[in-house]
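Number of protein chains: 2
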Amino acid sequence: MMMDLLEQIRAVVGDGGLITGDDVASRPADWLGRTTVEARAIVRPRSTQELSDVMRLCHAARQTVVPASGLTGLVRGQSSRPEDIQISFERMRAIETIDPVGRTITVQSGVPLQAVHEAVAGHGLIYGVDLGARGSCTVGGNISTNAGGNTVIRYGMTRDNVLGLEAVLADGTIISSMNTLLKNNTAYDLKQLFIGSEGTLGLVTRAVLRLHPAPASEATAIVAVDSFEQLTRFFTLAGARLGSLLRSFEVMWDSYYDLIGIQSGRHQPPIPSGHKLYVVIEVAGTDPQRDEALFTEMLGDALEQGILADAAIASSKAQRDAIWAIREDVEGQIHMMTPGIAFDISLPIAKMQDYVEGLKAGLQAACGADARMFVFGHIGDNNLHIVVSPRPWNDQSKQAAEEMVYRPLPTLGGAVSAEHGIGLDKRTWLALSRSPAELALMRQIKAALDPLDLLNRGKVLGGAA
Amino acid sequence: MMMDLLEQIRAVVGDGGLITGDDVASRPADWLGRTTVEARAIVRPRSTQELSDVMRLCHAARQTVVPASGLTGLVRGQSSRPEDIQISFERMRAIETIDPVGRTITVQSGVPLQAVHEAVAGHGLIYGVDLGARGSCTVGGNISTNAGGNTVIRYGMTRDNVLGLEAVLADGTIISSMNTLLKNNTAYDLKQLFIGSEGTLGLVTRAVLRLHPAPASEATAIVAVDSFEQLTRFFTLAGARLGSLLRSFEVMWDSYYDLIGIQSGRHQPPIPSGHKLYVVIEVAGTDPQRDEALFTEMLGDALEQGILADAAIASSKAQRDAIWAIREDVEGQIHMMTPGIAFDISLPIAKMQDYVEGLKAGLQAACGADARMFVFGHIGDNNLHIVVSPRPWNDQSKQAAEEMVYRPLPTLGGAVSAEHGIGLDKRTWLALSRSPAELALMRQIKAALDPLDLLNRGKVLGGAA
Numbered sequence: 010m011m012m013d014l015l016e017q018i019r020a021v022v023g024d025g026g027l028i029t030g031d032d033v034a035s036r037p038a039d040w041l042g043r044t045t046v047e048a049r050a051i052v053r054p055r056s057t058q059e060l061s062d063v064m065r066l067c068h069a070a071r072q073t074v075v076p077a078s079g080l081t082g083l084v085r086g087q088s089s090r091p092e093d094i095q096i097s098f099e100r101m102r103a104i105e106t107i108d109p110v111g112r113t114i115t116v117q118s119g120v121p122l123q124a125v126h127e128a129v130a131g132h133g134l135i136y137g138v139d140l141g142a143r144g145s146c147t148v149g150g151n152i153s154t155n156a157g158g159n160t161v162i163r164y165g166m167t168r169d170n171v172l173g174l175e176a177v178l179a180d181g182t183i184i185s186s187m188n189t190l191l192k193n194n195t196a197y198d199l200k201q202l203f204i205g206s207e208g209t210l211g212l213v214t215r216a217v218l219r220l221h222p223a224p225a226s227e228a229t230a231i232v233a234v235d236s237f238e239q240l241t242r243f244f245t246l247a248g249a250r251l252g253s254l255l256r257s258f259e260v261m262w263d264s265y266y267d268l269i270g271i272q273s274g275r276h277q278p279p280i281p282s283g284h285k286l287y288v289v290i291e292v293a294g295t296d297p298q299r300d301e302a303l304f305t306e307m308l309g310d311a312l313e314q315g316i317l318a319d320a321a322i323a324s325s326k327a328q329r330d331a332i333w334a335i336r337e338d339v340e341g342q343i344h345m346m347t348p349g350i351a352f353d354i355s356l357p358i359a360k361m362q363d364y365v366e367g368l369k370a371g372l373q374a375a376c377g378a379d380a381r382m383f384v385f386g387h388i389g390d391n392n393l394h395i396v397v398s399p400r401p402w403n404d405q406s407k408q409a410a411e412e413m414v415y416r417p418l419p420t421l422g423g424a425v426s427a428e429h430g431i432g433l434d435k436r437t438w439l440a441l442s443r444s445p446a447e448l449a450l451m452r453q454i455k456a457a458l459d460p461l462d463l464l465n466r467g468k469v470l471g472g473a474a
Numbered sequence: 010m011m012m013d014l015l016e017q018i019r020a021v022v023g024d025g026g027l028i029t030g031d032d033v034a035s036r037p038a039d040w041l042g043r044t045t046v047e048a049r050a051i052v053r054p055r056s057t058q059e060l061s062d063v064m065r066l067c068h069a070a071r072q073t074v075v076p077a078s079g080l081t082g083l084v085r086g087q088s089s090r091p092e093d094i095q096i097s098f099e100r101m102r103a104i105e106t107i108d109p110v111g112r113t114i115t116v117q118s119g120v121p122l123q124a125v126h127e128a129v130a131g132h133g134l135i136y137g138v139d140l141g142a143r144g145s146c147t148v149g150g151n152i153s154t155n156a157g158g159n160t161v162i163r164y165g166m167t168r169d170n171v172l173g174l175e176a177v178l179a180d181g182t183i184i185s186s187m188n189t190l191l192k193n194n195t196a197y198d199l200k201q202l203f204i205g206s207e208g209t210l211g212l213v214t215r216a217v218l219r220l221h222p223a224p225a226s227e228a229t230a231i232v233a234v235d236s237f238e239q240l241t242r243f244f245t246l247a248g249a250r251l252g253s254l255l256r257s258f259e260v261m262w263d264s265y266y267d268l269i270g271i272q273s274g275r276h277q278p279p280i281p282s283g284h285k286l287y288v289v290i291e292v293a294g295t296d297p298q299r300d301e302a303l304f305t306e307m308l309g310d311a312l313e314q315g316i317l318a319d320a321a322i323a324s325s326k327a328q329r330d331a332i333w334a335i336r337e338d339v340e341g342q343i344h345m346m347t348p349g350i351a352f353d354i355s356l357p358i359a360k361m362q363d364y365v366e367g368l369k370a371g372l373q374a375a376c377g378a379d380a381r382m383f384v385f386g387h388i389g390d391n392n393l394h395i396v397v398s399p400r401p402w403n404d405q406s407k408q409a410a411e412e413m414v415y416r417p418l419p420t421l422g423g424a425v426s427a428e429h430g431i432g433l434d435k436r437t438w439l440a441l442s443r444s445p446a447e448l449a450l451m452r453q454i455k456a457a458l459d460p461l462d463l464l465n466r467g468k469v470l471g472g473a474a
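Respectively, the protein sequence lines represent chains S and C. Heads up, the first sequence is in my numbering, so the first residue is 10 and it goes up one at a time. Heads up, the second sequence is in my numbering, so the first residue is 10 and it goes up one at a time.
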């Protein structure tokens, strides 16, 4: 039976499109290569039509599938079981068209994010989604998880940057909604179903992405403040003075800056330690001279008013890169905080500081002075990343840490996932952020689109399995 | 039977919440008051819970309902039949909270758009959705139709400005997704189902809207160009030089400007006639001096380079209002172009001019020199409004005009509705913009959420009735 299905699939995708047997386990299942793929087979379609044909066969055989791309997801949404078939988009990496007047790019979903940035740069355009994993993560993965990143405050999440997409449903039906228009109110906006649903409602195969004019000016600084109150004052001032020039407002708590920026020995700290919070602030606009002046004046005023304790403006690309290297140093984070649990939550800004202090106190109470944690995030869009290393490192302390992070969120108006999604890892916490009625409606949608529960079974809603 | 239902509803909403008998027909069914409501009753709930109770009763009685608010929709999405109950949101006009730090406002869905603008102004904030009907249209109507408007180029459509919402399903279930966070990837983004689905999937009762810092600078000009090529050059220049300062880029074809701006006698034309196209261009930023200089320099350069044939910068609020009055003169449009058919389509910018010329030629060929049309729209977001007055005015010529407007769109990558939606009026044309697979999936969604087809039956997808 199973051989039959695989041979049928081979007839669709060719020998190069099917990986079976020991070859499956030779491929990494996560971005760090710590685990290898468990699956009946890996199928690598080259086109929407091929994937449609594959899904038609899987549907007939009631075969579950798991989509996988850059493997940079952080909630095991891409993780497969021995009985699944993994769908890989690595042979769907075509950049199909770039429209410089309409400001769109049309790509297959396996295209890496960085390849999009590189492709549009020559046209004086940029794509508004950017994140540290840009070299590995793909457009399809970004869409499926509604990826956020470092410029959400200016350009929004992936959802806000997708004009059209094509997806294959569980039964092989192709839904082609390759809209290129900024405005299109022709009945239901079906693409929304596939954005952020983590491959559980359909498999995204192509997309039309919205582009923006490339900024002609760019300026970056790192600043330090001595209290959370000063941080919110600075955020308000920056918003009022810089308006839509403001592209990034990334905050690092002292715990993060001291550990990664200084103690790791991996960086040249642009500002000395000893402050409460550090902000990477970046503007991008159309007029280098004016924008830089506006930026410098705003920072000067903030220093003068005592809002900022310190500030360093990058005066070269190298200095800019050095600042971002601290914020984006995932290797350093792993190096300094293994074993650890990485959290991604969202909270109203006004609630952040008390929450962080409470978490620190709770962790110390539970695990003693050995417990470590650090916090950083995209304050402007409500998003905190927290890495916690409870001691001793065991299931009980890990569970306790999760409780401490997630339990306070509903009362504070927070959410258990800001940008990473739910995948496998946050399923048990999802009910803290969504009501029974909402979850029931989600299950109704899932049942309507994938009644056999073939697409990424068990992910997000827990599944029927 | 019917009396029973109405009496049950009366017990929920009180005497003041139920309008029956002759009183129903005394109420306007459209914004101009040209028609009056036909319906079994008008129900005016005061809260989500009341509406939920009403829908539970309607569901049990298989009673169809039609939501209605500001009645400014242009595709008869709010039109009811004698057998329907109209749900009016006129008693749900509470502005619940404004959060100046998190930059959100929470409102009931019957709040008029203009009331939102007024409520947030005192907090130094603005709401990014604005349109001519602001005094009458409501937040709930805006959400249900995914309203666009005059600042889409800067702030997006309504969809981009709604953080959370609450809706009542056909069976009375309350789906409360009152998210206040910019980032929240906790499973499916259910609010998307209710945005732009024109009341066919659920009835929106409350919403959390995203706010932006109010601009400190504002500058407006009207300019004239002598060809469509110059228009696109100007649009590119404005985008590159003004970046995200650009808030509006509204184009009027000569046919519109001459008729409404000049011949109607209703306006003081700020620029003389005789050009091909006219643009209302507006910037909004944080620094009055710098922004105005940037704007003036850009316009000066465009004049010097011969891109612009004429330009007039508003030097007072009165002058700004006079410019916008031409663009937003709906009364004048009706006065000068009755009888006429108002179209709302979207097209890639590159295709617009040929399309408009073709349409003009086609209309003249079909109706002779008496045929009249004018064109205006939001070029930057692909949106054209076209009003056509075919002669003689009869069903045949009206049908022919619709054919001429809609038929070319699929080939050109256009859509039959940019911002007005589908309602009743565009149902027969929807298939030009959406594939059979897309329409089938929409019907699946509708059947999953509203299996009895009680919500706005017959609208958008044609319905089961």
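No residue lacks a Cβ here, since even glycine has one placed at the ideal position from N, Cα and C. It should be emphasised that the depicted structure is a prediction, and the values quoted were computed from it without experimental measurement.
| Asked | Found |
| --- | --- |
| With a threshold of 8 Å between beta-carbons, can Val110 (chain C) be considered close to chain S, or not? | yes |
| Ignore the nearest five residues each way along the sequence and tell me which others in Ala293 (chain C)'s own chain have a CB closer than 6 Å to its CB. | Pro224, Glu227, Arg256 |
| Please compile the residues from chain S whose C-beta is within a distance smaller than 8 Å of the C-beta of Ile51 (chain C). | Within 8 Å Cβ-Cβ: nothing; Ile51 (chain C) doesn't reach chain S, min ~27 Å. |
| Looking at the secondary structure, which residues open and close the alpha helix (DSSP H) in which Phe304 (chain S) lies? | 297-313 |
| Could you check whether the region 269-287 of chain S touches the region 140-154 of chain C, counting it as contact only if at least three pairs of C-beta atoms, one from each stretch, sit closer than 8 Å? | no |
| Can you find the residues in the same chain that come closer than 6 Å, C-beta to C-beta, to Pro399 (chain C), ignoring five residues on each side of it along the sequence? | Cys376, Ala380, Ser406, Ala410 |
| Establish whether the CB of Ile454 (chain C) and some CB of chain S are separated by less than 8 Å. | yes |
| Taking the alpha helix (DSSP H) that Phe244 (chain C) belongs to, which residues open and close that run? | 237-251 |
| Name, please, each residue of chain C whose Cβ falls closer than 9 Å to the Cβ of Ser206 (chain S). | Ala196, Tyr197, Asp198 |
| Ordered along the chain, which non-local residues of its own chain (more than five positions away) have a Cβ less than 8 Å from that of Thr241 (chain S)? | Ile358, Ala359 |
| Distance cutoff 8 Å, beta carbons only. Does Arg250 (chain S) sit that close to anything in chain C? | yes |
| If the cut-off is 7 Å on Cβ atoms, which residues from the region 421-452 of chain S count as contacting chain C, listed in chain order? | Gly422, Ala424, Val425, Ser426, Ala427, Glu428, His429, Gly430, Ile431, Leu439, Ser442, Arg443, Ser444, Ala446, Glu447, Leu450, Met451 |
| Thinking C-alpha only, which one of C:Val75, C:Ala334, C:Pro279, C:Ser253 is nearest Leu7 (chain C)? | What the structure shows of chain C is the stretch from 10 to 474, and residue 7 (chain C) is not part of that stretch, so it cannot be assessed. |
| Could you tell me the distance, in whole angstroms, from the CA atom of His394 (chain S) to the CA atom of Ala351 (chain S)? | 7 Å |
| Which stretch, first to last residue, makes up the alpha helix (DSSP H) that contains Asp31 (chain S)? | 31-34 |
| Only counting runs of 4 or more residues, tell me where the alpha helix (DSSP H) segments fall wholly within the region 113-153 of chain C, in order along the chain. | 122-130 |
| Name the chain C residues whose beta carbon is nearer than 9 Å to that of Gly5 (chain S)? | Shown here, chain S extends from 10 to 474; a query on residue 5 (chain S) therefore has no answer. |
| Count the other CB atoms within 10 Å of the CB of His344 (chain C); is the residue buried (16 or more) or exposed (fewer)? | exposed |
| What are the residues in the region 388-399 of chain S lying within 8 Å of chain C by C-beta distance? | Gly389, Asp390, Asn391, Asn392 |
| State the DSSP-derived secondary structure class of Tyr197 (chain C), mapped to helix, strand or coil. | coil |
| For Leu41 (chain S), count neighbouring C-beta atoms within 10 Å of its own C-beta (all shown protein chains included) and say buried if the count is 16 or more, exposed if not. | exposed |
| From Ala473 (chain S) to Arg71 (chain S), what distance separates their C-alpha atoms? | Reliability fails at Ala473 (chain S), whose pLDDT of 40 lies under 50, so the model's placement of it is uncertain and the value that follows must be treated cautiously. Going from the Cα of Ala473 (chain S) to the Cα of Arg71 (chain S) covers about 14 Å. |
| Could you tell me the alpha carbon to alpha carbon distance between Leu15 (chain C) and Ala50 (chain C), rounded to whole angstroms? | 8 Å |
| Give me the Cβ distance between Leu317 (chain C) and Val232 (chain C), rounded to the nearest whole Å; I'm assuming they're in contact under 8 Å. | 5 Å |
| What three-state label does DSSP hand Ser257 (chain S) in the structure shown? | strand |
| Any beta carbon from chain S within less than 8 Å of Gln201 (chain C)'s own beta carbon? | yes |
| Let me see if you follow: with CB-CB separation under 8 Å, is Asn170 (chain C) close to chain S or not? | no |
| Examine chain C for any beta-carbon lying closer than 8 Å to the beta-carbon of Val138 (chain S), and answer yes or no. | no |
| Under a three-way DSSP split, which group does Ala216 (chain S) fall into? | strand |
| Which term fits Asp404 (chain C), buried or exposed, when burial requires 16 or more other beta carbons within 10 angstroms of its beta carbon? | exposed |
| Along the chain, where does the alpha helix (DSSP H) that runs through Gln61 (chain C) open and close? | In the sequence on display, residue 61 (chain C) carries Ser and not Gln. 57-69 is the span of the alpha helix (DSSP H), which, as asked, contains Ser61 (chain C). |
| Check whether the Cβ atoms of Gly211 (chain S) and Leu464 (chain S) sit closer than 8 Å, and answer yes or no. | yes |
| Here's the rule I'm using: 16 or more other beta-carbon atoms within 10 Å means buried, otherwise exposed. How should Gln342 (chain C) be labelled? | buried |
| List the endpoints of the continuous alpha helix (DSSP H) containing Met187 (chain S). | Element bounds for Met187 (chain S): n/a, residue is neither H nor E. |
| Using a Cβ cut-off of 8 Å (strictly closer), state whether Arg299 (chain S) contacts chain C. | yes |
| For the region 345-370 of chain S, which residues have a CB atom closer than 9 Å to at least one CB atom of chain C, in sequence order? | Asp353, Ser355, Leu356, Pro357, Ile358, Ala359 |
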